[in-house]
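To start, the structure under review is shown below, and the notes come after it.
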Amino acid sequence: LLNISNVLNRSVISCCYEFGKTIVNRPALGVFPGKDWPEKLKSVLLSVAPKGLSKVTTMMCGSCSNENAYKVMFMTYMRKQRGQRLQFNHEETESCMINMPPGSPKLSILSFKGAFHGRTLGVLSTTHSKYVHKIDVPAFEWPIASFPAYKYPLKDHVAENKREDERCLAEVEDLIVSYKKKGNPVAGIVVEPIQSEGGDNEASPEFFQNLQRIAKKHGSGLLIDEVQTGGGPTGRMWCHEHFNLDSPPDIVTFSKKMQLGGYYHNDDFTVEMPYRVFNTWMGDPGKLVMLSGVVEVINRDNLLGVVEESGQTLRRGLDRLAEVHPNLVSAVRGRGTFLAFSAPDTKTRDSIITKLRNKGVQAGGCGEVSVRLRPALIFQPSHAEIFLDKLSQVLNEIK
Numbered sequence: 598l599l600n601i602s603n604v605l606n607r608s609v610i611s612c613c614y615e616f617g618k619t620i621v622n623r624p625a626l627g628v629f630p631g632k633d634w635p636e637k638l639k640s641v642l643l644s645v646a647p648k649g650l651s652k653v654t655t656m657m658c659g660s661c662s663n664e665n666a667y668k669v670m671f672m673t674y675m676r677k678q679r680g681q682r683l684q685f686n687h688e689e690t691e692s693c694m695i696n697m698p699p700g701s702p703k704l705s706i707l708s709f710k711g712a713f714h715g716r717t718l719g720v721l722s723t724t725h726s727k728y729v730h731k732i733d734v735p736a737f738e739w740p741i742a743s744f745p746a747y748k749y750p751l752k753d754h755v756a757e758n759k760r761e762d763e764r765c766l767a768e769v770e771d772l773i774v775s776y777k778k779k780g781n782p783v784a785g786i787v788v789e790p791i792q793s794e795g796g797d798n799e800a801s802p803e804f805f806q807n808l809q810r811i812a813k814k815h816g817s818g819l820l821i822d823e824v825q826t827g828g829g830p831t832g833r834m835w836c837h838e839h840f841n842l843d844s845p846p847d848i849v850t851f852s853k854k855m856q857l858g859g860y861y862h863n864d865d866f867t868v869e870m871p872y873r874v875f876n877t878w879m880g881d882p883g884k885l886v887m888l889s890g891v892v893e894v895i896n897r898d899n900l901l902g903v904v905e906e907s908g909q910t911l912r913r914g915l916d917r918l919a920e921v922h923p924n925l926v927s928a929v930r931g932r933g934t935f936l937a938f939s940a941p942d943t944k945t946r947d948s949i950i951t952k953l954r955n956k957g958v959q960a961g962g963c964g965e966v967s968v969r970l971r972p973a974l975i976f977q978p979s980h981a982e983i984f985l986d987k988l989s990q991v992l993n994e995i996k
């Protein structure tokens with residue numbers, strides 16, 4: 598998952614040599630962080646933080662990043678409910694020990710159909726992409742809203758897709774109101790900038806802008822899950838930066854291409870009391886060392902610019918193939934090189950992926966009929982042309 602997809606990159610290798618002790622000796626950051634840890638967080642993770650988010654908490658993976666971010670949204674919601682009272686009362690401290698209110702309040706997280714936020718117990722209640730992840734596992738009774746399902750090409754369906762945005766946003770607000778009425782208020786909303794596992798489903802900047810306004814109106818936190826999209830594949834370090842939100846999201850989670858997991862957040866979502874968000878490892882300094890090399894190469898070689906240029910080449914080529922093979926390629930979508938298209942059915946999609954593999958090209962499937970593209974940041978326009986030629990060969994074989 599090295600985002601620059603080159604394990605022998607000199608910047609990354611030099612980090613391994615320079616910080617060999619860090620790689621060998623992994624401290625338990627939860628209790629024994631090194632004295633240089635705050636400075637490392639500042640110089641590496643916070644150097645690429647989403648605009649407006651000045652705090653970061655490290656974790657190991659995407660699931661535990663979201664899991665703990667959910668906890669932070671619950672804690673922040675309850676802190677605001679208490680108002681000026683800063684301390685927990687006796688009833689709260691006693692009732693939480695037996696999983697009862699008021700110490701264990703009935704709160705919910707609103708998620709979207711088709712979403713994937715992880716496989717651990719809490720986040721699994723907000724994952725809705727494949728039954729194999731969820732079956733036989735108890736789930737929380739939390740609201741699930743529709744995510745926009747657009748018609749393509751987008752330029753030919755502006756009015757219909759605007760109505761789809763409005764329908765889904767109205768559903769979000771209705772769910773927030775109804776869950777509050779039945780005593781299970783929505784403490785937070787979690788959403789992916791592009792629903793990756795669920796089929797590379799995208800939504801408009803206007804959808805996300807209005808979603809944030811609804812969250813603020815009802816006092817719910819907004820968590821944008823950038824575990825898949827963060828790290829540059831959309832042409833920005835963070836995909837939500839394409840959306841021109843009124844203000845930064847409350848929390849942004851990350852993992853995968855960032856080498857380690859964690860979440861950025863604003864001051865309002867800081868948990869003051871120790872051990873409320875805690876585990877033994879709280880991330881891995883060795884992975885932060887690797888990330889420092891990755892960030893250096895991204896900046897040095899202008900790889901976000903490369904992604905934009907290569908993405909344009911890919912997009913134009915995919916659009917052209919959709920015109921030539923409308924029965925095989927449709928709904929070309931995405932940002933940067935984080936692109937996808939739809940096949941007519943699952944069998945055809947799987948055949949495309951298999952035939953590409955046999956020609957030396959690694960592509961992936963997501964959702965029921967989608968082919969997703971995930972090239973490394975070093976992927977050049979010339980590489981895009983090679984891929985498009987291979988894909989054209991495959992499509993000609995299938996037709």
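When you read off a place in the sequence shown, starting at 1, and then add 597, the result is the number in our numbering.
Don't be surprised by glycine CBs; every beta carbon is placed ideally from N, CA and C.
Keep in mind that this is a model prediction, so the values were computed, not measured.
Excluding sequence positions up to five away, which residues of its chain have a Cβ less than 8 Å from the Cβ of residue i?
{"i": "residue 958", "result": "984, 987, 988"}
{"i": "residue 598", "result": "Unreliable positioning characterises residue 598 in this predicted model, as indicated by a pLDDT of 47, which lies under 50. The coordinate reading is nonetheless provided below. Same-chain partners within the cutoff: 853, 854, 856."}
{"i": "residue 641", "result": "885, 888, 889, 892"}
If you reduce the DSSP assignment to three classes, tell me which class residue i lands in.
{"i": "residue 738", "result": "coil"}
{"i": "residue 822", "result": "strand"}
{"i": "residue 665", "result": "helix"}
{"i": "residue 705", "result": "strand"}
{"i": "residue 839", "result": "helix"}
{"i": "residue 872", "result": "coil"}
{"i": "residue 604", "result": "Because the pLDDT of residue 604 is 45, which lies under 50, any placement of that residue in the model is unreliable, and the number read from its coordinates should be weighed accordingly. If DSSP states are grouped into helix, strand and coil, residue 604 belongs with coil."}
{"i": "residue 807", "result": "helix"}
{"i": "residue 655", "result": "strand"}
{"i": "residue 598", "result": "The predicted model places residue 598 with a pLDDT of 47, which falls under 50 and marks its position as unreliable, so this point remains unresolved."}
{"i": "residue 982", "result": "helix"}
Given that a residue counts as buried once 16 or more other Cβ atoms are within 10 Å of its Cβ, and exposed if not, what is residue i?
{"i": "residue 864", "result": "exposed"}
{"i": "residue 706", "result": "buried"}
{"i": "residue 895", "result": "buried"}
{"i": "residue 931", "result": "buried"}
{"i": "residue 605", "result": "Its pLDDT being 48, under 50, residue 605 is placed unreliably in this model, and the value from its coordinates should be taken loosely. Result: exposed."}
{"i": "residue 833", "result": "buried"}
{"i": "residue 847", "result": "buried"}
{"i": "residue 740", "result": "buried"}
{"i": "residue 738", "result": "exposed"}
{"i": "residue 943", "result": "exposed"}
{"i": "residue 725", "result": "buried"}
{"i": "residue 872", "result": "exposed"}
By the DSSP assignment, the beta strand (DSSP E) with residue i in it spans what residues?
{"i": "residue 939", "result": "935-939"}
{"i": "residue 927", "result": "927-932"}
{"i": "residue 961", "result": "961-963"}
{"i": "residue 623", "result": "Careful: residue 623 lies outside any beta strand (DSSP E) and carries neither H nor E."}
{"i": "residue 860", "result": "858-862"}
{"i": "residue 867", "result": "Neither: residue 867 is in no beta strand (DSSP E) and is coded neither H nor E."}
Between which residues of its own chain and residue i is the CB-CB distance below 6 Å, once the five residues before and five after are set aside?
{"i": "residue 651", "result": "none"}
{"i": "residue 964", "result": "795, 796"}
{"i": "residue 781", "result": "703, 705"}
Along the alpha helix (DSSP H) that carries residue i, what are the first and last residues, could you check?
{"i": "residue 897", "result": "882-897"}
{"i": "residue 949", "result": "943-955"}
{"i": "residue 785", "result": "Taken as a continuous stretch (DSSP letters only), residue 785 belongs to no alpha helix (DSSP H), being part of the beta strand (DSSP E) at 783-788."}
Are residue i and residue j closer than 8 Å when you measure CB to CB?
{"i": "residue 786", "j": "residue 799", "result": "no"}
{"i": "residue 850", "j": "residue 659", "result": "yes"}
{"i": "residue 762", "j": "residue 801", "result": "yes"}
{"i": "residue 927", "j": "residue 981", "result": "no"}
{"i": "residue 934", "j": "residue 972", "result": "yes"}
{"i": "residue 824", "j": "residue 662", "result": "yes"}
Kindly list the residues whose CB is nearer than 7 Å to the CB of residue i, restricted to its own chain and excluding five residues on each side of it in sequence; keep chain order.
{"i": "residue 702", "result": "675"}
{"i": "residue 940", "result": "925, 946, 949, 966, 968"}
{"i": "residue 840", "result": "802, 805, 806"}
{"i": "residue 914", "result": "981, 985"}
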